[in-house]
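To start, the structure under review is shown below, and the notes come after it.
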Amino acid sequence: MNLFDSRCRSCGNAALITVLSLGRTPLANALLTAADLSRPEATYPLDLAFCPQCSLVQIIETVPPEQLFREYLYFSSFSDTMLQHAQQLVTQLIAARGLHQTSLAVEIASNDGYLLQYYQHAGIPVLGVEPATNIARVAEQERGIRTLVEFFGADLAHQLQTAGEQADVIHAHNVMAHVADLNGFVTGIATLLKDDGIAVIEVPYVKDLLDHVEFDTIYHEHLCYFSLTALTQLFQRHALAVQDVERLAIHGGSLRLTVGKTAPAAAAIPSPRVAQLLRDEADWRVAQVTPYQAFAATVERLRDDLRALLGRLKGNGARIAVYGASAKGSTLLNYCRIGAETLDYVVDRSTVKQGHYTPGTHLPIYAPERLLTDQPDYVLLLTWNFADEILAQQAEYRRRGGRFIIPIPQLRVV
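Okay, so the sequence shown: first residue is 28 according to this note's numbering, each after it adds one.
Printed below as a string of structure tokens:
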């Protein structure tokens, strides 16, 4: 356990406690071309820290967002699970909030319009804010989603407010973890939101990170790992309050927060779920370093077990492929030091990733159909958060005798 003079991204506390070091790794989504393989590859420290003042769990290193997000290779629409998740939520909110043709739905980090398209289909005006130029282009050209190619923060929110744009609903799904300036981001939400509007925010839940040993969700894009305790303090500093909270299974375990202004005209009594989850977090000692240290010890054991299993299979002559050229997969392979000496190649459904190579490990990426033409003995499933979807898609590979190795939350072969 070490103390660093890095300030907490939420409360500014300078005495952070490091709990887990994953070493120096490349950027998890920095896929390589064939020409890149002969060039030096940049790596950065990946250390997880805990703030004893506000309970926020965070990594210490900050890679400039321009480097991470201006060109991005994750398209939400490639996941059927994500599309179903978005459609169900939008349908629910349209009915619950009485949204109509003069309402405005905004999504921060709107990706390829996977969510806003369902508002637009219902005749509700939308605005996406997406910094990745390649993805914003798809949203606008293929789905007709009005999209600003910008990073969201206090300045942009003020510009929109001045131009007469204010939101009935703001979505921020899996983006707060990517934000270095948390206070500026939350100020922007408060500025852009109507007095009676709500922000629907989804973030990976730190308790699920601990319980399910999800160390592979730690990478340089994910700066923070949230508890309700930490988020409540962050929102309170900006006159916002958590009105409701739900625990979701998506992405290995997430929180969905409903947040509104605390001004008297808009004040709402929090649901009982908010108070209950805060009590639950106190019970598992969210504000103490002990649970995070125990998590780190479990991660080291899982790494050793996975390396031993793959080593035995390879030693017995098995051919092993990988499913999922994901960011989490990059963290797992690089931290566990598993590469081409053990694994043959990666398959991924995203056509944008096919033809590239994985960061650090330099494995070629192909379409999933290769599993049937090549029929490897085992496939290491790195996108374990979509295991049910992928196993169903690969029923024929499994019928022919192929088996999947699922490393998280516990190592198993199916």
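Note that the Cβ used here is the ideal one computed from N, Cα and C, for glycine as well.
GLU273 is the residue among LYS234, LEU154, TYR146 and GLU273 whose C-alpha sits nearest the C-alpha of SER298. Taking the CA atoms as reference points, LYS380 sits about 7 Å from ALA352. Here LYS341 carries a helix assignment [DSSP, helix/strand/coil]. Closest in C-alpha terms to ALA41, from the list ILE121, SER106 and ILE87, comes ILE87. Under DSSP, TYR232 takes part in a beta bridge, and its partners are PHE253.
With fewer than three CB-CB distances shorter than 8 Å, the segment 405-422 does not count as touching the segment 210-228. In the DSSP assignment, THR52 forms a beta bridge with TYR71.
ALA348 has VAL406 as its beta-bridge partners, per DSSP.
Judged by DSSP in its simplified three-state form, ARG34 adopts coil rather than helix or strand. Contact between LYS221 and GLN193 holds, with the beta-carbon distance rounding to 5 Å and staying under 8 Å. Among the bridge pairs identified by DSSP, ALA335 is matched with none. By the CB criterion at 8 Å, HIS205 and GLU248 fall inside the cutoff. Between THR325 and ASN361, the C-beta gap is not smaller than 8 Å, which leaves the two residues out of contact.
Cα atoms of GLN320 and LEU47: separation of roughly 8 Å, rounded to the nearest angstrom. Straight across, the Cα-Cα distance linking GLN128 with ILE121 is about 11 Å. The beta carbons of TYR232 and GLY280 sit about 5 Å from each other, so the pair counts as a contact at 8 Å. Looking only at PHE322, TYR246 and HIS148, the smallest Cα-Cα distance to ILE172 is reached by HIS148.
A residue is called buried when at least 16 other Cβ atoms come within 10 angstroms of its Cβ; SER65 does not meet this threshold and is exposed.
The straight-line gap separating the alpha-carbon atoms of GLY382 and ARG397 is approximately 13 Å.
Three or more Cβ pairs drawn from the segment 329-349 and the segment 430-439 lie within less than 8 Å of each other, which places the two stretches in contact.
Beta-bridge analysis with DSSP links ASP271 to THR285. Remark: fewer than three beta-carbon pairs, one from each stretch, lie closer than 8 Å, so the segment 237-254 and the segment 212-219 are not flagged as touching.
Burial of GLY180 is indicated by the presence of at least 16 other C-beta atoms within 10 angstroms of its C-beta. Per DSSP, ALA204 has no beta bridge partner at all. Between the C-alpha atoms of ASP139 and SER104 there is a straight-line separation of about 7 Å. Pairing THR118 with THR358 gives a Cβ-Cβ distance that is not under 8 Å. Shortest Cα-Cα distance from THR160 to any of ASP235, ASN412, PHE178 and TYR145 involves PHE178. For the pair of segments examined, the segment 307-316 was found to touch the segment 74-82: the number of CB pairs separated by less than 8 Å reaches three.
Of the residues assessed, ILE296 falls on the exposed side of the cut-off, its CB having fewer than 16 other CB atoms within 10 angstroms.
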